[in-house]
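Student: This is the structure, below, for whatever I ask next.
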Amino acid sequence: MKFKDRLLNRSAAKRTRLILALDVIGPERSRISRAETILKDVKESVAGVKLNFHLLLPFGLNGVKRLITFCSREDIPLIADLKLNDISSTNKEVARQLIKHGIDAVIANPVTGLNDGLDELVQLSHAGELGLILLVYMSHKGAEEIYGTGQKGLYLFFAERAKEWNADGVIASAKSDSIIRKVRATIGKEIMIFSPGVGVQGGEARKPIEAGADFIIVGRSIINSSEPGVMAERYKAESYAK
7 MKFKDRLLNR SAAKRTRLIL ALDVIGPERS RISRAETILK DVKESVAGVK
57 LNFHLLLPFG LNGVKRLITF CSREDIPLIA DLKLNDISST NKEVARQLIK
107 HGIDAVIANP VTGLNDGLDE LVQLSHAGEL GLILLVYMSH KGAEEIYGTG
157 QKGLYLFFAE RAKEWNADGV IASAKSDSII RKVRATIGKE IMIFSPGVGV
207 QGGEARKPIE AGADFIIVGR SIINSSEPGV MAERYKAESY AK
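Written as structure tokens, this is what we have:
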């Protein structure tokens with residue numbers, strides 16, 4: 007089953023639109039065990055899990071195998087947040103390694119372009135081998151400096167590329183309802199919107215969903231909580247409220 011279908015099916019079954027950003031920091035010797043504990047606590051509240059460099063850089067794909075195995079066993083789609091931004095041959099090798107180790111989707115930067123850039127990733131996405139999520143508008147304070155530039159906003163140019171290439175999803179900040187609405191109007195109904203910035207960065211859980219996002223991405227507010235399971239359940243409920 008394709009990444010998009012698996013994610014949407016789990017979202018509906020668990021009644022959640024929460025993607026957990028498993029950005030565990032602290033002493034490296036305890037990061038994997040801590041991440042496992044968090045996953046066990048939140049597994050019924052999440053639609054998917056996103057791994058960033060916090061775990062992938064110090065441990066590599068082999069080092070996070072226990073996390074990958076857990077997510078596979080629980081049927082939790084796993085996204086590698088690599089923000090890929092390289093030539094086609096390099097992207098292809100990265101994708102090959104991600105697929106080999108059981109990763110379900112990757113986040114990439116559309117600034118590379120398609121021809122000899124993201125073409126291999128797009129093909130793998132269309133074949134159902136690796137989900138592809140494109141950066142459109144990030145959630146940090148400096149996002150406006152780049153994504154908001156141009157007559158209509160660079161982010162809408164990226165959204166147009168996502169539609170043209172038929173990506174599985176896009177990243178659009180949870181901190182701006184108007185940006186999410188414009189992105190949704192550009193990409194149509196079939197491409198998923200993932201909205202980061204909820205919680206610590208100031209975004210609210212429900213507003214991006216009401217504006218047209220499919221999923222919220224939450225990290226520190228959950229993983230740094232003394233009760234990750236309770237916090238995840240709260241975000242689950244808020245994300246899926248009618």
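Adding 6 to a residue's 1-based position in the sequence shown gives its number in our numbering. Glycine included, C-beta positions come from ideal geometry on N, C-alpha and C.
Let's test the definition: count the other Cβ atoms within 10 Å of the Cβ of ARG37 and tell me whether it reaches 16, buried, or not, exposed.
Tutor: When all chains shown are included, ARG37 counts as buried.
Student: Check this for me: beta carbons of ALA111 and ILE139, under 7 Å apart or not?
Tutor: Yes, the pair counts as a contact, with Cβ atoms nearer than the cut-off.
Student: State yes or no: is the C-beta of VAL48 within less than 7 Å of the C-beta of PRO234?
Tutor: Yes. Within cutoff.
Student: Are the CB atoms of ILE82 and VAL55 within a distance shorter than 7 Å?
Tutor: Contact flag set, yes.
Student: Look at SER227 and GLY203 and say whether their C-beta atoms are less than 7 Å apart.
Tutor: It is not a contact, given that the beta carbons lie outside the stated cut-off.
Student: Could you give the uninterrupted runs of the beta strand (DSSP E) lying entirely in the segment 209-233, keeping only those of 3 residues or more?
Tutor: Here the runs fully enclosed are 221-224.
Student: Write down the C-beta distance between ASP87 and SER131 rounded to the nearest angstrom, noting that I regard them as a contact closer than 8 Å.
Tutor: Contact doesn't hold; Cβ gap of about 16 Å is too wide.
Student: Rounded to whole angstroms, what's the CA-CA distance from LYS117 to ARG187? Just pull it up for me.
Tutor: With the sequence shown as reference, residue 117 is identified as Val, and Lys is not the correct amino acid for it. Their Cα atoms are separated by approximately 22 Å.
Student: Return yes when the Cβ of TYR241 is within less than 7 Å of the Cβ of VAL224, no when it is not.
Tutor: Yes, Cβ-Cβ distance for VAL224 and TYR241 is below 7 Å.
Student: Hey, which unbroken runs of the beta strand (DSSP E) at 3 residues or more fall wholly within the segment 162-200?
Tutor: Qualifying beta strand (DSSP E) stretches, in chain order: 175-178.
Student: Which residue spans inside the segment 78-118 form an unbroken alpha helix (DSSP H) run of at least 4?
Tutor: Taking only runs of at least 4 residues, the alpha helix (DSSP H) segments lying wholly in the segment 78-118 are 94-106.
Student: Give me the Cβ distance between LEU57 and LEU90, rounded to the nearest whole Å; I'm assuming they're in contact under 8 Å.
Tutor: At roughly 14 Å, the Cβ-Cβ gap does not stay under 8 Å, so LEU57 and LEU90 are not in contact.
Student: From what residue to what residue does the alpha helix (DSSP H) around GLY137 run?
Tutor: Segment 137-143 is the beta strand (DSSP E) holding GLY137; no alpha helix (DSSP H) there.
Student: Return the Cβ separation of VAL176 and VAL128 in integer angstroms, given the expectation that the two are a contact with Cβ distance under 8 Å.
Tutor: Not confirmed; about 14 Å, so no contact.
Student: Reducing DSSP to helix, strand and coil, say where LEU120 ends up.
Tutor: If DSSP states are grouped into helix, strand and coil, LEU120 belongs with the helices.
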